[in-house]
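Structure, as structure tokens:
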Amino acid sequence: MSRINKNVILALLTLTSSAFLLFQLYYYKYYLSAKNGAGLSKSKGSRIGFDSTQWHAVKKFIMLTSSQNVPVFLVDPLILEMINKNFEQNKNTSYGTVSDCKFFCVPRDFTAFALQNHLWKNEEGWFQIAEDMGFQCLKIQSKDPRLDGIDSLSGTEIPLHYICKLATHAIHLVVFHERSGNYLWHGHLRLKGHIDRKFVPFRKLQFGRYPGAFDRPDLQHITIDGLEVQIPKDPVHFLEEIPHSRFIECRYKEARAFFQQYLDDNTVEAMVFRKSAKELLQLAAKTLKKLGVRFWLSSGTCLGWYRQCNIIPYSKDVDLGIFIQDYKSDIITAFQDAGLPLKHKFGKVEDSLELSFQGKDDVKLDIFFFYEETDHMWNGGTQAKTGKKFKYLFPKFTLCWTEFVDMKVHVPCETIDYIEANYGKTWKIPVKTWDWKHSPPNVQPNGIWPISEWDEVIQLY
Amino acid sequence: MDDWKSSPLIKPFGARKKRSWYLTWKYKLTNQRALRRFCQTGAVLFLLVTVIVNIKLILDTRRAISEANEDPEPEQDYDDALGRLEPPRRRGSSPQRVLDVEVYSSRSKVYVAVDGTTVLEDEAREQGRGIHVIVLNQATGHVMAKRVFDTYSPHEDEAMVLFLNMVAPGRVLICTVKDEGSFHLKDTAKALLRSLGSQAGPALGWRDTWAFVGRKGGPVLGEKHSKSPALSSWGDPVLLKTDIPLSSAEEAECHWADTELNRRRRRFCSKVEGYGSVCSCKDPTPIEFSPDPLPDNKVLNVPVAVIAGNRPNYLYRMLRSLLSAQGVSPQMITVFIDGYYEEPMDVVALFGLRGIQHTPISIKNARVSQHYKASLTATFNLFPEAKFAVVLEEDLDIAVDFFSFLSQSIHLLEEDDSLYCISAWNDQGYEHTAEDPALLYRVETMPGLGWVLRKSLYKEELEPKWPTPEKLWDWDMWMRMPEQRRGRECIIPDVSRSYHFGIVGLNMNGYFHEAYFKKHKFNTVPGVQLKNVDSLKKEAYEVEILRLLSEAEILDHSKNPCEDSFLPDTEGHTYVAFIQMEKDDDFTTWTQLAKCLHIWDLDVRGNHRGLWRLFRKKNHFLVVGVPASPYSVKKPPSLTPIFLEPPPKEEGAPGAAEQT
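Line order of the protein sequences matches chains V and L. FYI, in UniProt numbering the residues of the first sequence are 1 to 461. FYI, in UniProt numbering the residues of the second sequence are 1 to 660.
Spelled out as structure tokens, the structure:
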């Protein structure tokens, strides 16, 4: 009798405990999925993961922005890439047909959206409503760099980034601002003293480590994971821009100090030269962009940007650099079609290539091709009379965007090293007589072209 | 798990079957010891697992809770910090708290000190004459407004009455006289001072000194007065020392509904005074206007730059009219303030607009000119896609159809290279000389005062050679110079779309304003449809003028043009008069004619190729300068053009004053 009782008790215990366990498992799963998204939810169901935190946060955020007319678009590199892949795989099916939560349910800390500030009409009310909806929001603002170039203006600060957190997922809203030169700019996400550094893992953010510059994207509406969002019309182009988007501002303060010391040249000739140099640079940029060739400001033009944020009026030419691996054979014809005849061509693609085009009003466009070695870069020079070759050495550099005479152009990110290599430590002092064969501290004789090659490597027009 | 699922299946089998199932099971168990043992261990294991899962769940939940708590923590810190700051402030607003003030009045110096801090000190010579008024917040003691009314001069007492009436009840008023404050202090002002409880104020005499502290609508907290003994001397300096009991913050603030707009209003009203009903507790005037949008608004995305100095009351009036104009888009407006002045910035913030301050460089006119340059450059930087910018000044009223006027005409700036600007102001558009709000003119002078600038003109021509600070030039005079204008013309309306109300400016004095600006016509009709806008293009306009001249009736040139009877008492006719004008720059007769027509005569305005257009007695009236104007061909050969003698030299016209 006692044995039976024991068995019955055991069985009952097992039953209750298993019931209990089941309840716990159910609760645990619900809890986990609310926490880590798709982590556990992959097991069953046709609408996989639609209960994930990401998806909820994104959905709420989209509800918020569409009700408040905040024109946001998705810029998250990971999701854009998935969309792009998905798009390539099934070009004919629309995004909406898939019932799985594919894009917004991958467990992540952030989803990145962007916004063009000038299209945004009512900034004020938005923040409050976001907080009422349960978001915890952080706004990062700073002074407006577009006023930096102008003497002593100080305005209301502009918003740069918003980070809105819902439970464990955060939406990073990057605020793009229009800049002169038809591009969009976003600021550096700098945490000021009072900001809680543990609010979100800031290091994992994809935007804001540096200021960035982007082409103004056309947008399109798509529906993914049951949510209607805007994305760049050409996600591939946008994705390509992201890793190379770093932007550096001109040093306006130092430039002002420079002009206080040396005074700006405001003569009519200087103004005329600046105007034609600017037009030549714009034409060159347009032509190279059409060819898809990267270039940067080099030599005197780069010095003018760095030292005085303007074209040096006595420099008499516009200098650009191009990596030799970006060389395209149709560069010359493209420039000629744009109305810039070839003036001379020195060197060859394998060695010391340099092109020079004749612009309007006697302004010359010099293009130097840069060759990469293991520990340095160099470009070549050729003396037409003697066939002597020169080599100009530069420490290795990468390219950054900047704004120069109302254009978005590249400059070496490590500008100071580049300029000091070319002009020495005294680059701050204007020098009007410059001998390109002897003055630069980084010039080296590099032998002489064999006479047999002269016809090819020294072409004067 | 299976047994859990099976039980509902079993139920329909009934009790008998269930019992047999149990018996079999029991039988089996009793017979197979090993199996029984196995089941027992299984059950124990099961229990163990349950316990483990339980513990894990508890741990996890804990972690999640602590994570969720991580964020509010710093906020709590912040609250703590605030809490720590709170006590002194609370003490500050307690009713026991008092401020001690010193008010000094004398011939050459006035000062006011609140709790040992000097809030006003003026001992400059030849400046600051009259009654200085300071308004303090009754709860915090902060200075909310500081004004000086030169009541030695006419009309300043009216401004003082206006100001004092706008101050909210309960505020602390401090008045002190420097030099002389009674000569033009009229009865209305004296009655108001009496109503404030002042004894000496209403009896203020020639060169008396006077210091007063009191609550508006409340008790007088102190007053001192010293009579001047003789016409040629001043009253003795007086120093008034008194205590002001502070009231609680709740008393000093209004109870408006908690909206975004009212938050802005509250911030504004606790800081500054003298803006009247915007801070009224009961019935505050709106600060958002939402005027009707314009259908097909071509200037919706054109940035608007408001150039301002330190005249916050003007700016307030100006922004109200601007934000009430149909088709305005507030996010396109930027107010550029010349200097680090707080109050204009407060006004900008009240309306929720963008404000930019400019550290002053250079002096006087050159300072204004540098401020203009910085503002225009900044405008095109902030709106890089804009092709135009609207430039306004802080002392303008903006017509309700200002943007409608621009929307209908702005395409001309794109299509006609011979245009320099579109301006909302007609220099010659006085009450008696302007008539038709739908009519536009082309003029060779740039009127400014509300105008549209083409970006290409600014970026390519003006900005690079803008006068440098040491040049001390007026920007508008510079823009009117032939080197800049290069023969281009501006479009203006017959009836101005802006009104220049400024008096206390750099280039203005009261008389000047009265004579030249007060009687200016200002359009108040909404949605005016402009006539034949495309006929304003260069060639079409010249053809149109010739047509007008052909059908115009020639006036009797033997009459004196200064006589009223020079123009017949008709309505709706077109008349023409020919005056002598030897060369393009010979304006002798025109200036005399302008003088007797009571229109702008300080320099030449409103001319188009030696021709002026205006209205007289509701008739269109054209004046052609012969022989300089190409329109002289319309003069009958027999007619002798009118010549008017300039007045003898010594009288002269008032100096080289000009418009800003």
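Note that CB positions come from ideal geometry on N, CA and C, so glycine has one too. It should be emphasised that the depicted structure is a prediction, and the values quoted were computed from it without experimental measurement.
Quick one, which of the options has its alpha-carbon nearest residue i's?
| i | options | result |
| --- | --- | --- |
| N165 (chain L) | L:A113, L:Q370, L:C279 | L:C279 |
| D361 (chain V) | V:T402, V:E373, V:T382, V:K278 | V:K278 |
| V58 (chain V) | V:D148, V:H172, V:N379, V:G424 | V:H172 |
| Y152 (chain L) | L:E126, L:V143, L:G170, L:V167 | L:E126 |
| H500 (chain L) | L:E544, L:E435, L:D427, L:M446 | L:D427 |
| V44 (chain L) | V:H169, V:D234, V:K6, V:P71 | V:K6 |
| N381 (chain L) | V:K345, V:D455, V:R307, V:H118 | V:H118 |
| Q370 (chain L) | L:A168, L:Y104, L:K471 | L:K471 |
| A366 (chain L) | L:T468, L:R129, L:D556, L:H557 | L:T468 |
| G527 (chain L) | L:D564, L:A438, L:S565 | L:A438 |
| L300 (chain L) | L:S407, L:H557, L:Y340, L:L204 | L:S407 |
| T209 (chain L) | L:R129, L:K216, L:Q32, L:L136 | L:R129 |
| N442 (chain V) | V:V409, V:V457, V:F394, V:L460 | V:F394 |
| P154 (chain L) | L:E121, L:H142, L:V148, L:L185 | L:L185 |
Grouping DSSP H, G and I as helix and E and B as strand, with all else coil, what is residue i?
| i | result |
| --- | --- |
| R171 (chain L) | coil |
| P95 (chain L) | Caution applies to P95 (chain L), whose pLDDT of 47 falls short of 50 and renders its modelled position unreliable; the model cannot decide the point. |
| R246 (chain V) | strand |
| T377 (chain L) | helix |
| residue 662 (chain L) | Nothing about residue 662 (chain L) can be read from this structure; chain L reaches only from 1 to 660. |
| Q428 (chain L) | coil |
| M166 (chain L) | helix |
| Q484 (chain L) | helix |
| I458 (chain V) | strand |
| M446 (chain L) | coil |
| S226 (chain L) | strand |
Measure the alpha-carbon distance for residue i versus residue j and round it to whole angstroms.
| i | j | result |
| --- | --- | --- |
| residue 463 (chain V) | F273 (chain V) | Residue 463 (chain V) lies beyond the residue range present for chain V, which begins at 1 and ends at 461; the question has no answer from this structure. |
| I422 (chain L) | I224 (chain V) | 49 Å |
| Q40 (chain L) | L47 (chain L) | 11 Å |
| P493 (chain L) | P293 (chain L) | 22 Å |
| F135 (chain V) | L57 (chain L) | 26 Å |
| F268 (chain L) | A378 (chain L) | 26 Å |
| F20 (chain V) | V53 (chain L) | 10 Å |
| P8 (chain L) | F73 (chain V) | Interpretation of P8 (chain L) is limited by its pLDDT of 44, a score under 50 that renders its predicted location unreliable; the figure taken from the coordinates is listed afterwards. Between P8 (chain L) and F73 (chain V), the C-alpha separation is close to 52 Å. |
| G276 (chain L) | R265 (chain L) | 12 Å |
| A230 (chain L) | Q261 (chain V) | 59 Å |
| L602 (chain L) | F587 (chain L) | 11 Å |
| S270 (chain L) | R263 (chain L) | 11 Å |
| E350 (chain V) | R454 (chain L) | 49 Å |
| A583 (chain L) | W612 (chain L) | A small correction: the amino acid at residue 583 (chain L) is Lys; Ala does not occupy that position in the sequence shown. C-alpha separation (whole angstroms): 16 Å. |
| P12 (chain L) | S18 (chain V) | Residue confidence is low: P12 (chain L) scores 45 on pLDDT, short of 50, so the model does not pin down where it sits. Its coordinate-derived value is still stated next. P12 (chain L) and S18 (chain V): Cα-Cα distance of roughly 23 Å. |
| F383 (chain L) | W466 (chain L) | 21 Å |
| M318 (chain L) | W451 (chain L) | 15 Å |
| Y210 (chain V) | L191 (chain V) | 13 Å |
| T259 (chain L) | G181 (chain L) | 43 Å |
Measure the CB-CB distance between residue i and residue j and report whether it falls below 7 Å.
| i | j | result |
| --- | --- | --- |
| V174 (chain V) | H188 (chain V) | no |
| A139 (chain L) | A305 (chain L) | no |
| V495 (chain L) | A434 (chain L) | yes |
| V348 (chain L) | M144 (chain L) | no |
| S105 (chain L) | T188 (chain L) | no |
| L64 (chain V) | M133 (chain V) | yes |
| T574 (chain L) | H608 (chain L) | no |
| K389 (chain V) | N446 (chain V) | yes |
| D366 (chain V) | D319 (chain V) | yes |
| K216 (chain L) | L246 (chain L) | no |
Check the Cβ of residue i against every Cβ in chain C and list those closer than 8 Å, keeping chain order.
| i | result |
| --- | --- |
| L21 (chain V) | As a matter of chain content, chain C is missing from the structure shown, whose protein chains are V and L. |
- Item | Completely contained beta strand (DSSP E) runs for the segment 102–149 of chain L, where each covers 3 or more residues | List check, beta strand (DSSP E) in window: 110–114, 117–122, 130–136, 143–149.
- Write down every uninterrupted run of the beta strand (DSSP E) in the segment 328–352 of chain V whose length is 3 residues or greater and which is fully enclosed by it, in chain order. With a minimum length of 3 residues, the unbroken runs of beta strand (DSSP E) contained wholly in the segment 328–352 of chain V fall at 342–348.
- Considering only residues of the segment 188–222 of chain V, which uninterrupted beta strand (DSSP E) runs meet the minimum length of 3 residues and lie entirely inside it, listed in chain order? The qualifying runs are 212–215.
- Which parts of the segment 251–338 of chain L are runs of the beta strand (DSSP E), unbroken and 3 residues or longer, counting only runs that do not cross its ends? Counting only runs of 3+ residues, the beta strand (DSSP E) found wholly inside the segment 251–338 of chain L occupies 304–308, 333–338, in chain order.
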